[in-house]
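To keep things clear, I will list the structure first and then write my remarks on it.
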Amino acid sequence: MPFLLNLPPGISFLLVAAITTALACVGLHFVRRKYSAEVLKENHEVAAIIFNAFGLLYGVVVAFVVFVTWSGYDDATKNLQLEASDTIDLFYSATAFAEPVGKVVQRGLMDYADSVYRDEVNRMSTQDISIQPGSPLRKLLDVFNQMDQMSAPNRELYAESLRRVNNLAEHRRLRLFAGNNTIQPTIWLVLLVGGVITVLYTYLFGTKNIRAQYLMISALTVTISWILLLIYILDHPFTGVSKVSIKPLAEVIETMRSQSGAEQR
Numbered sequence: 000m001p002f003l004l005n006l007p008p009g010i011s012f013l014l015v016a017a018i019t020t021a022l023a024c025v026g027l028h029f030v031r032r033k034y035s036a037e038v039l040k041e042n043h044e045v046a047a048i049i050f051n052a053f054g055l056l057y058g059v060v061v062a063f064v065v066f067v068t069w070s071g072y073d074d075a076t077k078n079l080q081l082e083a084s085d086t087i088d089l090f091y092s093a094t095a096f097a098e099p100v101g102k103v104v105q106r107g108l109m110d111y112a113d114s115v116y117r118d119e120v121n122r123m124s125t126q127d128i129s130i131q132p133g134s135p136l137r138k139l140l141d142v143f144n145q146m147d148q149m150s151a152p153n154r155e156l157y158a159e160s161l162r163r164v165n166n167l168a169e170h171r172r173l174r175l176f177a178g179n180n181t182i183q184p185t186i187w188l189v190l191l192v193g194g195v196i197t198v199l200y201t202y203l204f205g206t207k208n209i210r211a212q213y214l215m216i217s218a219l220t221v222t223i224s225w226i227l228l229l230i231y232i233l234d235h236p237f238t239g240v241s242k243v244s245i246k247p248l249a250e251v252i253e254t255m256r257s258q259s260g261a262e263q264r
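Sequential numbering of the sequence shown, starting at 0, is according to numbering that gives the first Met the number 0.
Structural data, given as structure tokens:
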């Protein structure tokens, strides 16, 4: 359901809740037409024990998946921020290099940040991207690999810049790994089937006030469907309106352009 990721969060959550609640209430309607509350109450004692055990097991699985997906989303956010931090640090450090190496490094960093911001992050939402460095990053690495350390005006700065550019490549790879860390279909099968069974199991309980049972089932269905939608959103950190913010990259690009323009003047 990729279209849910592109809708505003409020609309996507309301849409999922409305559809799933409607289906749950329709199912309860047919069950109560065939079985009265008195008939269902005969199995309450045993059904309640089994329902509590099943609910506990399903809750543990859901909690674990939420934790894993949130960790992946958080890792993707942190790696993108570290990537932006390495880029701007390298940009300022390049001013100490002899010309034209310093300008070449700065130009390469601007091209790299721009390619990530305008192309790579967008492509991560639709396809896998190779962990091999792209053209801008490869050119930047070639500049450092071909640089003569002995001719550098500041060897300590050169060593630190080399470490930074290696960190930049590493954080890019980690961002790609975090973005591609999707939940396996088998896990989704367990989550979806478990959620359906949880709602269907409540049909075995009967209350004299049918409206109260409709409200209870609706609340349970909305809760389960929203949690599953949350997992789906967190499992796609670079897709839709709730994707990882790329504002750090935008700020870095603006800073580098401003600094480059000031130096040219």
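We put the beta carbon where it would ideally sit given N, CA and C, even for glycine.
Since this is a predicted model, take the numbers as computed values, not measurements.
(1) With valine 100 and leucine 89 assumed to form a contact (beta carbons below 8 angstroms), what rounded beta-carbon distance in angstroms separates them?
(2) Going straight from the alpha carbon of leucine 6 to that of phenylalanine 96, what length do you get?
(3) Sorted by chain position, which residues of the same chain lie with C-beta nearer than 6 angstroms to glycine 26's C-beta, five sequence neighbours on each side aside?
(4) Classify glutamine 145 as buried or exposed, calling it buried when 16 or more other Cβ atoms lie within 10 Å of its own Cβ.
(5) Should leucine 108 and threonine 86 be called a contact, given that it needs their Cβ atoms to be closer than 9 angstroms?
(6) Would you mind giving the Cβ-Cβ distance between threonine 220 and alanine 23, rounded to the nearest angstrom? I have them listed as a contact below 8 angstroms.
(7) Helix, strand or coil, according to DSSP, for threonine 196 in the structure here?
(8) Skipping 5 residues on each side, what residues in its chain have a beta carbon closer than 7 angstroms to that of tyrosine 202?
(9) Of all the alpha helix (DSSP H) runs that stay within the bounds of the region 153 to 223, which reach a length of 4 or more residues?
(10) Among Arg171, Tyr34, Tyr72, Pro8, which one has its Cα closest to the Cα of valine 115?
(11) Given that a residue counts as buried once 16 or more other Cβ atoms are within 10 Å of its Cβ, and exposed if not, what is glutamate 98?
(12) Starting from arginine 117, trace the alpha helix (DSSP H) in both directions and tell me its first and last residue.
(13) Evaluate proline 184 with the Cβ neighbour count: other Cβ atoms within 10 Å of its Cβ, from every protein chain shown; 16 or more gives buried, anything less gives exposed.
(14) Count the other C-beta atoms from every protein chain shown that fall within 10 angstroms of the C-beta of methionine 0, then say buried if there are 16 or more, exposed otherwise.
(15) Could you tell me whether any non-hydrogen atom of the ligand GTP is closer than 8 angstroms to the CB of alanine 218?
(16) With a CB to CB cut of under 7 angstroms and the five nearest residues on each side skipped, what residues in its chain are close to lysine 40?
(17) Please confirm if the region 211 to 227 is in contact with the region 185 to 196, defined as three or more CB-CB distances below 8 angstroms between the two stretches.
(18) Report the residue from Thr94, Phe50, Ser11, Pro236 whose alpha carbon sits nearest the alpha carbon of serine 70.
(19) Rank Ser241, Leu13, Ser11, Tyr91 by C-alpha distance to the C-alpha of methionine 255 and give the top, closest one.
(20) Note down, in chain order, each residue of its chain lying with its Cβ closer than 6 angstroms to the Cβ of aspartate 110, except the 5 sequence neighbours on either side.
(21) Go ahead and pull the three-state DSSP assignment for tyrosine 34.
(22) DSSP on aspartate 141, reduced to helix/strand/coil?
(23) How would you label alanine 83, buried or exposed, when you count the other beta carbons within 10 angstroms and need 16 or more for buried?
(24) Can you give me the C-alpha to C-alpha distance between glutamate 250 and glutamine 258, rounded to a whole angstrom?
(25) By the DSSP assignment, the alpha helix (DSSP H) with aspartate 85 in it spans what residues?
A quick look at the data gives this:
(1) So it is not a contact: roughly 12 angstroms between Cβ atoms.
(2) 47 angstroms
(3) none
(4) exposed
(5) Closer than 9 angstroms, so yes.
(6) 4 angstroms
(7) Correcting the residue type first, residue 196 is isoleucine in the shown sequence and not threonine. In this structure, isoleucine 196 counts as helix in the three-state DSSP scheme.
(8) Cβ within range, chain order: Gly26, Leu27, Val30.
(9) 154 to 178, 184 to 200
(10) For the options Arg171, Tyr34, Tyr72, Pro8, the alpha carbon positioned closest to that of valine 115 is the one of Arg171.
(11) With a threshold of 16 other beta carbon atoms within 10 Å, glutamate 98 falls short and is exposed.
(12) Neither: arginine 117 is in no alpha helix (DSSP H) and is coded neither H nor E.
(13) exposed
(14) exposed
(15) Among the components modelled here there is no ligand, and therefore nothing to report on the ligand GTP.
(16) When the five nearest sequence neighbours on each side are left out, the beta carbons in the same chain lying within less than 7 angstroms of the beta carbon of lysine 40 are those of Gly205, in order along the chain.
(17) yes
(18) Ranked by Cα distance from serine 70, the first of Thr94, Phe50, Ser11, Pro236 is Pro236.
(19) Of the candidates Ser241, Leu13, Ser11, Tyr91, the residue whose Cα lies closest to the Cα of methionine 255 is Tyr91.
(20) Pro135
(21) coil
(22) Aspartate 141 falls in the helix class under three-state DSSP.
(23) buried
(24) Note on geometry: alpha-carbon atoms of glutamate 250 and glutamine 258 lie some 12 angstroms from one another.
(25) First-last of the alpha helix (DSSP H) with aspartate 85: 43 to 92.
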